[in-house]
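Visitor: Okay, so the sequence shown: first residue is 0 according to numbering that gives the first Met the number 0, each after it adds one. Take this structure first; my questions come after.
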Amino acid sequence: MVRVKICGLMSEEDVEAAAGAGADSLGLVTEYPVPVPWNISRAKARALAAYAPPFVTTTAVVGGTVDDMVAIARMVRPHFLQLHGDETVDQIRAVCQGLEGTGIKVLKALRIKVDTGEALFSATDPADACMLLEQSGVAGIVVDSVTSSRPAGTGVTLNWAALRGLSGRIRLPLILAGGLTPDNVGPAIEAVRPYGVDVISGIERQPGRKDPNLIRKFVQAAKVGY
């Protein structure tokens, strides 16, 4: 069954809605260095991570310097730290090393340009980029869309057909993000066959305001799976 991450949670009510709907992981955008509607402080993220019920994991989504990201992870104490910036392979390795002994696993967002299909990484071919990331120490790869105006939460889908064979070519779990909604997550899963899906803006009525009904519909649609 496909795993579901509900990202951009900002309150206890958001946590309750996501966990109650059956989400597998709760995403907390924590002191992200670029203005986005979902940013919360590390203290708030720690409180929400602690509020999560048993058997539901938490993911802190971060960017910035290696030291900042490691410090946030050690403060928040999530199950996963998702790097969602322009990190190099060396920086990713440094974060993984900085979290050794904490039990916190690292995920890396592989951001793909909507207009060209190229990865925003040292290797622009998504498959080649994934191969590099497999050697960096991360536990999974989040494939997300990126535009010139927004680094994440674009609301724009990727070319699913182009990603179809990607999950079968890499050893790491592939998590699909980018413009997913309750209406399109089913076809997206069928096309890409990912390990999991990640949604942030597609379950909101307005930026930063989660809709419990949309969360429930999204999880239900995703869990039908393939």
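Heads up, the beta-carbon is just placed ideally off N, CA and C, and yes, glycines get one too.
1. Would you mind working out which of 154, 83, 103, 174 sits nearest residue 192, comparing C-alpha positions?
2. Would you kindly check if the distance between the Cβ of residue 3 and the Cβ of residue 142 is under 8 Å?
3. Mind reading off the beta-carbon distance from residue 5 to residue 198? Whole number of angstroms is fine, and I expect it under 8 Å.
4. Measuring straight from C-alpha to C-alpha, what distance separates residue 168 and residue 137?
5. Skipping 5 residues on each side, what residues in its chain have a beta carbon closer than 8 Å to that of residue 210?
6. Among residues of its own chain, excluding the 5 on either side of residue 68, which ones have a beta-carbon nearer than 6 Å to its beta-carbon?
7. Where does residue 19 sit, in a helix, a strand or coil, going by DSSP?
8. Spatial neighbours of residue 42 within its chain, please: C-beta separation below 8 Å, excluding the five flanking residues on both sides.
9. What residue range does the beta strand (DSSP E) around residue 5 cover?
10. With the cut-off set at 8 Å, would you say residue 63 and residue 84 are in Cβ contact?
11. One question on the structure: do residue 48 and residue 81 come within less than 8 Å of each other, judged by their Cβ atoms?
12. Just to confirm, are residue 44 and residue 59 a CB contact at a threshold of 8 Å?
13. DSSP on residue 204, reduced to helix/strand/coil?
14. Exposed or buried, what is residue 178 when buried is set at 16 or more other beta-carbons lying within 10 Å of its beta-carbon?
15. Ignore the nearest five residues each way along the sequence and tell me which others in residue 234's own chain have a CB closer than 6 Å to its CB.
Guide: Straight from the coordinates:
1. The candidate whose alpha carbon is nearest that of residue 192 is 174.
2. Contact flag unset, no.
3. Rounded, the Cβ-Cβ distance is 6 Å, consistent with contact.
4. Just so you know, the alpha carbons of residue 168 and residue 137 end up roughly 16 Å apart.
5. Once the five neighbours on either side are set aside, the close Cβ partners of residue 210 are 202, 203, 204.
6. Apart from sequence neighbours up to five positions away, the residues of its chain that approach residue 68 with a beta-carbon distance below 6 Å are 61, 94, ordered along the chain.
7. DSSP places residue 19 in helix when its eight states are reduced to three.
8. Within the same chain, Cβ atoms closer than 8 Å to the Cβ of residue 42 are found at 74, the five residues on either side in sequence being excluded.
9. For residue 5, the enclosing beta strand (DSSP E) has its first and last residue at 2-5.
10. For the 8 Å CB-CB criterion, residue 63 and residue 84 form a contact.
11. Remark: C-beta atoms of residue 48 and residue 81 do not approach each other more closely than 8 Å.
12. In this structure, residue 59 lies closer than 8 Å to residue 44 by Cβ.
13. Three-state result, residue 204: strand.
14. Burial call: buried.
15. With the chain represented from 0 up to 225, any question about residue 234 goes unanswered, as that position is not in the structure.
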